[in-house]
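K.L.:
So for the sequence shown, full-length UniProt numbering puts the first residue at 1; every next one is plus one.
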Amino acid sequence: MHNVNKEPLIIHWPASAKRKGECQMTGKGKQGECANFVRLIEPWNRTHLYTCGTGAYQPICTFINRGWRAEDYLFRLVPGYVDSGKGKCSYDPKQESVATLINGNLYAGVHIDFMSTDATLFRTMGGRTAIRTEQYDSRWLNEPVFVQIQQIPDSAERNDDKLYIFFREKSLDSNGASPSVLGRVGRVCLNDEGGQKSLVNRWTTFLKARLICSVIGEDGVETRFDELRDVFIQPTQDERNPMVYALFTTAGSVFKGSAVCVYSMSDIRNVFNGPFAHKHGHNYQWTEYTGKIPYPRPGTCPGGTFTPGIRSSKNFSDEAVNFIRAHPLMFHQVYPIHRRPLVVRTGVDYRYTSLVVDQVDAVDGRYEVLFLGTDRGTVQKVIVLPKDPTTMEVLILEEVEVFRQQLYVSSDAGLTQVSLHRCGVYGRACSDCCLARDPYCAWDGESCSAFTPSTKRRSRRQDVKHGDPLRQCRGFNAKGERLKETVQFGVEGSSTFLECQPRSPQATVKWLFQREGKRKLVRVLKTNHGILLKSLNQSDAGLYHCLATENNFKHTVARVALRILDRDIVLALTAHDEDEEPKTRHLPHSQQTLSSTPFVYLISTSCYCFVVWCMTLIWLTSGCCCMRFRKHQHHNQHLQL
Numbered sequence: 001m002h003n004v005n006k007e008p009l010i011i012h013w014p015a016s017a018k019r020k021g022e023c024q025m026t027g028k029g030k031q032g033e034c035a036n037f038v039r040l041i042e043p044w045n046r047t048h049l050y051t052c053g054t055g056a057y058q059p060i061c062t063f064i065n066r067g068w069r070a071e072d073y074l075f076r077l078v079p080g081y082v083d084s085g086k087g088k089c090s091y092d093p094k095q096e097s098v099a100t101l102i103n104g105n106l107y108a109g110v111h112i113d114f115m116s117t118d119a120t121l122f123r124t125m126g127g128r129t130a131i132r133t134e135q136y137d138s139r140w141l142n143e144p145v146f147v148q149i150q151q152i153p154d155s156a157e158r159n160d161d162k163l164y165i166f167f168r169e170k171s172l173d174s175n176g177a178s179p180s181v182l183g184r185v186g187r188v189c190l191n192d193e194g195g196q197k198s199l200v201n202r203w204t205t206f207l208k209a210r211l212i213c214s215v216i217g218e219d220g221v222e223t224r225f226d227e228l229r230d231v232f233i234q235p236t237q238d239e240r241n242p243m244v245y246a247l248f249t250t251a252g253s254v255f256k257g258s259a260v261c262v263y264s265m266s267d268i269r270n271v272f273n274g275p276f277a278h279k280h281g282h283n284y285q286w287t288e289y290t291g292k293i294p295y296p297r298p299g300t301c302p303g304g305t306f307t308p309g310i311r312s313s314k315n316f317s318d319e320a321v322n323f324i325r326a327h328p329l330m331f332h333q334v335y336p337i338h339r340r341p342l343v344v345r346t347g348v349d350y351r352y353t354s355l356v357v358d359q360v361d362a363v364d365g366r367y368e369v370l371f372l373g374t375d376r377g378t379v380q381k382v383i384v385l386p387k388d389p390t391t392m393e394v395l396i397l398e399e400v401e402v403f404r405q406q407l408y409v410s411s412d413a414g415l416t417q418v419s420l421h422r423c424g425v426y427g428r429a430c431s432d433c434c435l436a437r438d439p440y441c442a443w444d445g446e447s448c449s450a451f452t453p454s455t456k457r458r459s460r461r462q463d464v465k466h467g468d469p470l471r472q473c474r475g476f477n478a479k480g481e482r483l484k485e486t487v488q489f490g491v492e493g494s495s496t497f498l499e500c501q502p503r504s505p506q507a508t509v510k511w512l513f514q515r516e517g518k519r520k521l522v523r524v525l526k527t528n529h530g531i532l533l534k535s536l537n538q539s540d541a542g543l544y545h546c547l548a549t550e551n552n553f554k555h556t557v558a559r560v561a562l563r564i565l566d567r568d569i570v571l572a573l574t575a576h577d578e579d580e581e582p583k584t585r586h587l588p589h590s591q592q593t594l595s596s597t598p599f600v601y602l603i604s605t606s607c608y609c610f611v612v613w614c615m616t617l618i619w620l621t622s623g624c625c626c627m628r629f630r631k632h633q634h635h636n637q638h639l640q641l
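1) Using DSSP with H/G/I as helix, E/B as strand and the rest coil, what is C213?
2) Here's the rule I'm using: 16 or more other beta-carbon atoms within 10 Å means buried, otherwise exposed. How should A572 be labelled?
3) Do V363 and Q514 have their C-beta atoms closer together than 7 angstroms?
4) Alpha carbon to alpha carbon, how far is T133 from F122?
5) What residue ranges within the stretch 229-282 form continuous alpha helix (DSSP H) runs of no fewer than 4 residues, ordered along the chain?
6) Is the CB-CB distance between E368 and Q359 below 7 angstroms?
7) Would you tell me roughly how many angstroms separate the C-alpha atoms of S304 and P298, rounded to the nearest one?
8) Can the beta-carbon of A56 be found less than 7 angstroms from the beta-carbon of A108?
9) Which residues share a DSSP beta bridge with Q359?
10) I need the straight-line Cα distance from L547 to G347, nearest angstrom please.
11) Tell me whether F63 is buried or exposed, calling it buried when 16 or more other Cβ atoms sit within 10 Å of its Cβ.
12) Below 8 angstroms on the Cβ atoms is my guess for A277 versus L211; work out the distance and round it to an integer in Å.
13) Would you call the stretch 142-156 in contact with the stretch 97-106, where contact means no fewer than 3 C-beta pairs closer than 8 angstroms?
14) Measuring straight from C-alpha to C-alpha, what distance separates Q333 and T300?
15) What does the Cβ neighbour count give for Q135, buried or exposed, with the cut at 16 atoms within 10 Å?
16) Going by Cα to Cα distance, which pick from G183, N552, H338, G445 is closest to V231?
17) Identify the continuous beta strand (DSSP E) that holds C61 and give its terminal residues.
18) V509 bridges to which residues according to DSSP?
19) Restricting to runs no shorter than 3 residues, where is the beta strand (DSSP E) found entirely within the stretch 145-214?
20) Do P144 and F167 have their C-beta atoms within less than 7 angstroms of each other?
21) Consult DSSP for T621 and reduce its assignment to one of helix, strand or coil.
22) Could you check whether the stretch 289-298 touches the stretch 251-262, counting it as contact only if at least three pairs of C-beta atoms, one from each stretch, sit closer than 8 angstroms?
23) Can you pull the DSSP bridge partners for P386?
24) So what does DSSP say about I569, is it helix, strand or coil?
25) Considering only the alpha carbon of each residue, which of F371, D219, H280, T129 lies closest to R202?
26) Please classify V487: is it buried, with 16 or more other beta-carbons within 10 angstroms of its beta-carbon, or exposed?
27) Closest by CA to Y295, which one among H280, F316, P275?
28) Give me the Cα-Cα distance between I396 and L372, rounded to the nearest whole angstrom.
29) What is the rounded straight-line gap between the Cα of Q472 and the Cα of E399?
30) Which parts of the stretch 14-79 are runs of the beta strand (DSSP E), unbroken and 3 residues or longer, counting only runs that do not cross its ends?
31) With a threshold of 6 angstroms, establish whether the CB of T527 neighbours any heavy atom of the ligand MN.
32) Between the alpha carbons of E227 and T249, how many angstroms are there, rounded?
33) Based on the DSSP output, what are the partners of C441 in its beta bridges?
34) On the DSSP bridge list, what partners appear for K484?
35) List the endpoints of the continuous beta strand (DSSP E) containing I337.
36) For R567, count neighbouring Cβ atoms within 10 angstroms of its own Cβ and tell me buried if that reaches 16, exposed if not.
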């Protein structure tokens, strides 16, 4: 995708009417499944894409010609070419699947049957033998949901290259003490050709291990996040050691929680090079296998660093092949870096569903920004900063509803383009830009704008680590936009809401109220977005200040002058307005007596403006407070709400 603002190039690739009819005859189609849903698009070469769709429960694949350059603006199906999609794309459009093309071979984690009961890691296409995991063997895969697939080299020897697949699956231990779903990482050798006598056309190098993502509470209770939802592989300078970011959620619907854990490839490899798991004893529990390990070690690639004399997996000994067939699981588990999650979110009404990580160079170093999709249709931009050697500070920079510095977010409703930086939302003041602590943005002397590391302007101000505007914005704070006082009207006996939303989610808010006397307001309800004043009376009139504090920096976010309209005058004016309406509307006596019901008015805009105009006119012409608006004298007090 080059520019979503251009006129879109659309390909129509529907399932045939005959195939739709056959699909509906099987009982499908009640929810629109009998159509061709595109589930796989992989680059084939510079000019073509390989794509597969569900084909109304009969997967099909073809090529898309995208042109030699972006300027060609070409996007069309290759005429006359249709290939079977079995083993490449799921039958069911709701079934999760992953795939990647490597040297002309397609590796896919997919369900390959109509009923979605046969899940496998499949290799098709190219010059290599078609190969898969063992069929209907729960020791290998037990109702898996595939999440991510990625080629990661193990060493400088290319024969050691492995394919890592991340998935979640049902636990074989359903005794109630163990979790029902487990996060897994599996791997196979790219040059695996299957066995000679046993595991023919099956992987002879498939191993898997459990991913742990948990947090210990203050009460010592461990909360585990077991449902693996998404994985992002962050490249590093060493292609053999990328960082693995994994998104987990809690199982079940009673307790909602999400966590992001980060794993190192060295820790993952250490687990795969460790002991194998083995069920043993009268309780048939998982234990460490302590018997003899055959040669070559199960999971080792043929022709690799440790097996230079073995040219093919077909030359593996029967003992080695039979061992890995019965022992695909590793005994040790993979723990995250520092043995704790990077991000934990609990006690909220949403879960994270997807994850993307971006590295950003800021003034004071390089930061990793996480973009987290939620099940309520929003995207959170999050940065994690070290607070001290043992704790981390998680900052939600912003939450938006929904390739050059763009994030593409897809859902059932469609595809949207979200900019990685929206510096303008932080305001025009240097302090607001600094407090945002967004590594994408910096104060340039005039506004909060996108930060470029190569920019040599000395006036650029940014402090991601500490967010200290007192140090960064000396001489600039006075240039911030002047806060205007807004006037808000309320009616005696009714309620009104004074809104205040600081730009930073980390800020704490206090309200200051300038009024006569020292009586406390007990009819105030505080919310995250402001305060609700209930049962208004004339003493509530005055000037309200919303004060935000963050990192010892205080500034006023809102100034609201509240004026209270006299209830009797408003009643008289609204009654006069109602008298002009047709007399055919008769209300019950209980509804005519306004004093017997809560005093919340829904009047027309013209009527409301008329009331305000009358109040202002009477006030100005009479020279006194006929409407009992309170003038604030020098002896007024400031009350904190």
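The beta-carbon is built from N, C-alpha and C at its ideal position, and this holds for glycine as well.
P.N.:
Let me spell this out:
1) coil
2) exposed
3) no
4) 7 angstroms
5) 265-272
6) yes
7) The question names Ser, yet the displayed sequence has Gly at residue 304. G304 and P298: Cα-Cα distance of roughly 13 angstroms.
8) no
9) E368
10) 27 angstroms
11) buried
12) Incorrect: roughly 15 angstroms between the Cβ atoms, too far for contact.
13) yes
14) 19 angstroms
15) exposed
16) G183
17) 60-65
18) A548
19) 145-152, 162-170, 181-189, 207-210
20) yes
21) Reliability fails at T621, whose pLDDT of 45 lies under 50, so the model's placement of it is uncertain and the value that follows must be treated cautiously. T621: helix per DSSP, three-state reduction.
22) no
23) M392
24) helix
25) T129
26) exposed
27) F316
28) 10 angstroms
29) 25 angstroms
30) 38-43, 48-53, 60-65
31) Here there are no bound small molecules, and the ligand MN is not part of this structure.
32) 5 angstroms
33) A450
34) Beta-bridge pairing links K484 to no other residue.
35) First-last for I337: undefined, no H or E at that position.
36) buried
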